[in-house]
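Asks: So in the working numbering, the last one in the sequence shown is 94, and the numbering has no gaps at all.
Quick one: this structure, given as structure tokens, is what I'll be asking you about.
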Amino acid sequence: MKSLLVRQVLILAALGLVPGIGQAIYFRDKVSWRSPVPASEMVTVTQARAWGENAIWVDARPDNEFARDHVPGALPLNEDRWVARRLRNEAQLPNVFVLEGGWEEWLKTRK
């Protein structure tokens, strides 16, 4: 009885892996583990820089990356896009965006 249960669990686990492995092989580097950010939630570095001190920066990268370097005046908050969504919805702050290209794009345009 116990061996039958173990065998069934292993079969179900194997069947669950097959689609994931197939997708990884078929799409290779195109597999994305993140959902795309809608364009309405994005802002370019140029737009963001134009806001100057009127913007409050929230840096959602891991703490060690924030410690290495960050947008001047940014607040560290080790989270993801859900923070922007919650600020928009729950705090009723309509002008909350995700920086297009992220920190890497900011660095490219640093003066």
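For every residue, glycine included, the Cβ atom is placed at its ideal position computed from N, Cα and C.
Taking the beta carbon of residue 44 as the centre, do at least 16 other beta carbons fall within 10 Å, making it buried, or is it exposed?
Replies: Label assigned to residue 44: buried.
Asks: Assign residue 74 to buried or exposed, taking buried as 16 or more other Cβ atoms, counted over all protein chains shown, within 10 Å of its Cβ.
Replies: Exposed is the call here.
Asks: Out of 67, -1, 91, which one is the CA nearest neighbour of residue 77?
Replies: Closest option to residue 77, Cα to Cα, is 67.
Asks: Can you give, in chain order, each stretch of the beta strand (DSSP E) that sits fully within the segment 40 to 90 and has at least 3 residues?
Replies: Complete beta strand (DSSP E) runs here, min 3: none at all.
Asks: For residue 27, report the span of its alpha helix (DSSP H) as first-last.
Replies: Per DSSP, residue 27 belongs to no alpha helix (DSSP H) and is neither H nor E.
Asks: Say whether chain B places a C-beta atom closer than 8 Å to the C-beta of residue -8.
Replies: The structure shown contains no chain B, having only a single protein chain.
Asks: When the distance is taken between beta carbons, is residue 54 closer than 8 Å to residue 40?
Replies: Contact flag set, yes.
Asks: Would residue 57 pass as a contact of residue 42 if the rule is Cβ separation under 8 Å?
Replies: Closer than 8 Å, so yes.
Asks: Is residue 82 buried or exposed, if buried means 16 or more other CB atoms sit within 10 Å of its CB?
Replies: Buried is the call here.
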